[in-house]
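Enquirer: I have a structure I would like to understand better, so I am pasting it below and will then ask my questions one at a time.
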Amino acid sequence: MGTQGGGLGASPRPEDETAKSDFKSEQSRSALTAGKILLEWKTQGLSDVGATQENYKEKITQVKQGVSEAILQEQVPPGYHETIRKYFETVGEDVAKPSGR
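Under our numbering, the first residue of the sequence shown is numbered 66, with each subsequent residue one higher.
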């Protein structure tokens, strides 16, 4: 015989859609994202170097600012502050280096 816990012999239980529950639909309030990605379009080939680099630098600056605000507003536990700062100091450094094109 099956026991409670879904072992061998456990039979599926019928669902009652009219039963009330305490389920709440919630979303995270993350300060680290600038917005949702609605569409991603991938193509092959080279892009315009100047426009792409400027766009990347702008996005990195926005994310760094959001991270700083999250740290200042104490949305991040204090034990993570230094590690997060070190990580974001290195993000975007590769943009300043000339590419091999």
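Quick reminder that beta carbons are idealized off the backbone N, C-alpha and C, glycines included.
I want to know whether the segment 126 to 133 touches the segment 149 to 157 - three or more CB-CB distances under 8 Å.
Expert: yes
Enquirer: I need the DSSP call for T117, collapsed to helix, strand or coil.
Expert: helix
Enquirer: How is K122 classed by DSSP in three states: helix, strand or coil?
Expert: If DSSP states are grouped into helix, strand and coil, K122 belongs with the helices.
Enquirer: Spatial neighbours of T126 within its chain, please: CB distance less than 6 Å, with the 5 preceding and 5 following residues excluded, ordered by chain position.
Expert: Excluding residues within five positions, none has a Cβ falling inside 6 Å.
Enquirer: Looking at the unbroken alpha helix (DSSP H) that takes in T108, where does it start and where does it end?
Expert: Careful: T108 lies outside any alpha helix (DSSP H) and carries neither H nor E.
Enquirer: For E123, collect the residues of the same chain with a Cβ closer than 7 Å to its Cβ; drop the 5 residues on either side in sequence, then sort them by chain order.
Expert: none
Enquirer: Rounding to the nearest angstrom, what Cα-Cα distance links E115 and Q109 in this structure?
Expert: According to the sequence displayed, residue 115 carries Gly and not Glu. Rounded to the nearest whole angstrom, the C-alpha separation of G115 and Q109 is 18 Å.
Enquirer: Any idea what DSSP makes of F153, helix, strand or coil?
Expert: helix
Enquirer: In angstroms with no decimal places, state the Cα-to-Cα distance between E82 and Y145.
Expert: 43 Å
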